[in-house]
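Notes to accompany the following structure.
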Amino acid sequence: MDWGGILNNTAGWLFSPTTIAYALAATGLAVHFGYAGLLNFGMAGFMAIGAYSYAITILSFGLPWWVGILIGMFAASIFAVILGIPTLRLRADYLAIVTIAAAEIVRLLFTTTVFDAVTNSADGLAGYHEGFRAANPFPPGEYGFGPWVYTANQLWVRVFGLILLAIAIFIVWSIMRSPWGRVLKGIREDEDAVRSLGKNVFGYKMQALVLGGIFGALGGVVFALPSAVVPATYTTSLTFFIWTILLLGGAATVFGPALGSVIFWVIMAFLDGVLPALAAQGILPISPIQAGTLRFILVGVALMLLVIFRPQGILGNKRELTFVK
0 MDWGGILNNT
10 AGWLFSPTTI
20 AYALAATGLA
30 VHFGYAGLLN
40 FGMAGFMAIG
50 AYSYAITILS
60 FGLPWWVGIL
70 IGMFAASIFA
80 VILGIPTLRL
90 RADYLAIVTI
100 AAAEIVRLLF
110 TTTVFDAVTN
120 SADGLAGYHE
130 GFRAANPFPP
140 GEYGFGPWVY
150 TANQLWVRVF
160 GLILLAIAIF
170 IVWSIMRSPW
180 GRVLKGIRED
190 EDAVRSLGKN
200 VFGYKMQALV
210 LGGIFGALGG
220 VVFALPSAVV
230 PATYTTSLTF
240 FIWTILLLGG
250 AATVFGPALG
260 SVIFWVIMAF
270 LDGVLPALAA
280 QGILPISPIQ
290 AGTLRFILVG
300 VALMLLVIFR
310 PQGILGNKRE
320 LTFVK
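Below, the structure is given as structure tokens:
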């Protein structure tokens with residue numbers, strides 16, 4: 000077994016664009032669920048809107064890459080408002096069902112051939128990287144050491160993604176210490192009590208949905224920066240991964256989503272290297288392909304144990320979670 004290759008590949012996921020993108024999306028979900036108590040299972044829809052808005056702005060309209068990011072944030076805000084107006088008065092379980100359906104509707108809209116001229120339907124979009132790479136401040140060459148050696152373009156994607164993540168974390172840290180954040184936490188605990196104090200509960204929920212949706216859209220942009228936008232990526236499994244990351248790090252925490260994303264993808268990468276190798280050597284009585292699928296089972300079992308024995312996550316405070324009362 001090539002332990003050196005497995006460990007190098009695992010370490011590479013510490014700063015991968017996927018890890019950063021999921022951390023951004025999980026930060027948005029922390030605003031939705033951890034702080035506002037909104038059981039949103041449609042984060043894949045927000046990520047898809049952010050990624051597609053970014054790519055379409057560049058490919059179809061020829062606008063700069065940074066305009067594409069702004070349009071992605073705006074589109075996510077509009078989607079949040081459209082989603083929130085009829086759903087934010089629903090009970091948590093019904094809200095979860097509706098948001099899953101909404102995310103699937105978004106994905107199917109991007110898949111349908113009706114908008115093929117713009118979305119390229121199931122084949123997705125590519126070739127929108129030129130503007131972003133032209134803004135790269137790093138000269139051509141290789142940077143880093145050990146398993147973290149990147150070309151200038153690879154480094155630029157990671158640095159830009161980390162900047163967005165740092166801004167998102169700072170915003171969440173700031174607003175959750177403000178009166179607005181305290182009201183939001185109060186709504187999570189007992190919205191009737193907050194409503195009795197004269198606060199517009201629906202308005203606060205809508206604001207939280209929009210803010211978290213913007214972070215989800217930024218995660219979709221970072222996810223699309225190094226590769227292509229493919230609709231098959233934005234399925235419900237993506238949302239479930241984000242939920243796993245959030246619960247792992249801590250739902251009502253500032254740094255929990257980032258920590259959870261790192262731990263989740265490092266473990267996934269490690270298992271993806273070890274399990275097929277064990278199967279190939281006959282240690283596991285399954286095929287290497289089946290061994291690759293086994294990692295999802297192990298992660299699912301780990302999530303079940305986490306929710307049972309430490310529902311607050313690694314950094315969380317058990318008193319912050321409504322579902323453990």
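Under numbering that gives the first Met the number 0, the first residue of the sequence shown carries the number 0, and numbering increases by one thereafter. Glycine residues also receive a C-beta, built at the ideal position from the N, C-alpha and C atoms.
Check your understanding: Leaving out five residues before and five after V105 in sequence, what residues of the same chain have Cβ atoms less than 7 Å from its Cβ?
Key -> Translated into the one-based positions of the sequence shown, residue 105 becomes position 106. G44, A47, I48.
Point to revise | Distance CB(L302)-CB(T243) smaller than 8 Å | key: Working through the sequence shown from its first residue, we reach residue 302 at position 303. Working through the sequence shown from its first residue, we reach residue 243 at position 244. Going by C-beta atoms, L302 is nearer than 8 Å to T243.
Point to revise | Residues that DSSP places opposite W179 in a beta bridge | key: What you label residue 179 is simply residue 180 of the sequence shown in a count that begins at 1. DSSP, once it has assigned bridges, lists no residue as partnering W179.
Review point. Is any heavy atom in the ligand ADP found nearer than 7 Å to the beta carbon of V171?
Key: Judged by which ligands are present, the structure shown has none, so any question about the ligand ADP falls away.
Exercise for review: Sort L108, L82, T110, S286 by Cα distance to T98 and report the nearest one.
Suggested key: The residue you call residue 98 lines up with position 99 of the sequence shown. Closest by alpha carbon: L82.
Check your understanding: In or out: L164 buried (at least 16 other Cβ within 10 Å) or exposed?
Key -> For the purposes of this step, residue 164 is identified with residue 165 of the sequence shown, where counting begins at 1. The residue is buried, with at least 16 neighbouring Cβ atoms inside 10 Å.
Check your understanding: Are the beta-carbon atoms belonging to G249 and L183 less than 8 Å from one another?
Key -> On the sequence shown, position 250 is the one that residue 249 refers to. On the sequence shown, position 184 is the one that residue 183 refers to. When the beta-carbon positions are compared, G249 and L183 stay at least 8 Å from each other.
Practice item. Just grab the DSSP bridge partners of F144 for me. Key: Along the sequence shown, one-based indexing puts residue 144 at 145. DSSP lists W147 as partners of F144.
Practice item. Taking W65 and I57 to be in contact with their CB atoms under 8 Å, please state how far apart those CB atoms are, rounded to whole angstroms. Key: Residue numbering aside, residue 65 sits at position 66 when the sequence shown is read from its first letter. Residue numbering aside, residue 57 sits at position 58 when the sequence shown is read from its first letter. The Cβ separation is near 10 Å, so there is no contact.
Point to revise | G36 to E188 span [Cα, whole Å] | key: On the sequence shown, position 37 is the one that residue 36 refers to. On the sequence shown, position 189 is the one that residue 188 refers to. Straight-line Cα distance between these residues: approximately 8 Å.
Exercise for review: Spatial neighbours of P275 within its chain, please: CB distance less than 6 Å, with the 5 preceding and 5 following residues excluded, ordered by chain position.
Suggested key: Stepping through the sequence shown from its first residue, residue 275 is reached at position 276. By the criterion of a C-beta distance shorter than 6 Å, P275 is surrounded in its chain by P287, A290, G291, once the five residues flanking it on both sides are discounted.
Review point. With contact counted as at least three CB pairs below 8 Å, one residue from each stretch, are the stretch 60-79 and the stretch 108-124 in contact?
Key: Note that the stretch 60-79 does not touch the stretch 108-124; fewer than 3 beta-carbon pairs, one per stretch, sit closer than 8 Å.
Review point. Is it right to say P136 is buried, meaning 16 or more other beta carbons lie within 10 angstroms of its own, or is it exposed?
Key: Here residue 136 is taken as the residue at index 137 of the sequence shown, counted from 1. Exposed, because fewer than 16 other Cβ atoms sit within 10 Å of the Cβ of P136.
Review point. What is the DSSP secondary structure of V228, counted as helix, strand or coil?
Key: Here residue 228 corresponds to residue number 229 of the sequence shown, with the count starting at 1. Residue state, collapsed to three classes: strand.
Practice item. Identify the continuous alpha helix (DSSP H) that holds K198 and give its terminal residues. Key: By 1-based counting over the sequence shown, the position of residue 198 is 199. No alpha helix (DSSP H) holds K198; DSSP gives it neither H nor E.
Practice item. Report yes if the CB atom of A101 is closer than 8 Å to the CB atom of G61, and no otherwise. Key: Numbered from 1 along the sequence shown, position 102 holds the residue referred to as residue 101. Numbered from 1 along the sequence shown, position 62 holds the residue referred to as residue 61. No, Cβ-Cβ distance for A101 and G61 is not below 8 Å.
Check your understanding: Taking the alpha helix (DSSP H) that Q289 falls in, what are its first and last residues?
Key -> Counting from 1 along the sequence shown, the entry for residue 289 is found at position 290. Start and end: 287-308.
Point to revise | Length of the line joining the Cα atoms of G180 and A54 | key: Position 181 of the sequence shown, counted from the start, is the residue given in the question as residue 180. Position 55 of the sequence shown, counted from the start, is the residue given in the question as residue 54. Annotation: G180 to A54 spans about 33 Å, alpha carbon to alpha carbon.
Exercise for review: Throw me the rounded Cβ distance for the A167 and L23 pair, which I believe falls under 8 Å.
Suggested key: For the purposes of this step, residue 167 is identified with residue 168 of the sequence shown, where counting begins at 1. For the purposes of this step, residue 23 is identified with residue 24 of the sequence shown, where counting begins at 1. The pair is a contact, with the Cβ atoms about 6 Å apart (cut-off 8 Å).
Practice item. Tell me L164's beta-bridge partners as DSSP assigns them. Key: Your numbering for residue 164 matches position 165 in the sequence shown. In the DSSP assignment, L164 is bridged to no other residue.
Check your understanding: How would you label Y93, buried or exposed, when you count the other beta carbons within 10 angstroms and need 16 or more for buried?
Key -> Position 94 of the sequence shown, counting from 1, holds the residue named residue 93. With fewer than 16 neighbouring CB atoms inside 10 Å of its own CB, Y93 falls in the exposed class.
Check your understanding: When burial is assigned at 16 or more other CB atoms within 10 Å of the CB, is M72 buried or exposed?
Key -> As a working note, residue 72 is residue 73 in the sequence shown. With 16 or more other Cβ atoms within 10 Å, it is buried.
Review point. Is the stretch 148-165 close to the stretch 226-240, with three or more CB pairs under 8 Å?
Key: Counting Cβ pairs under 8 Å, fewer than three are found: no touch.
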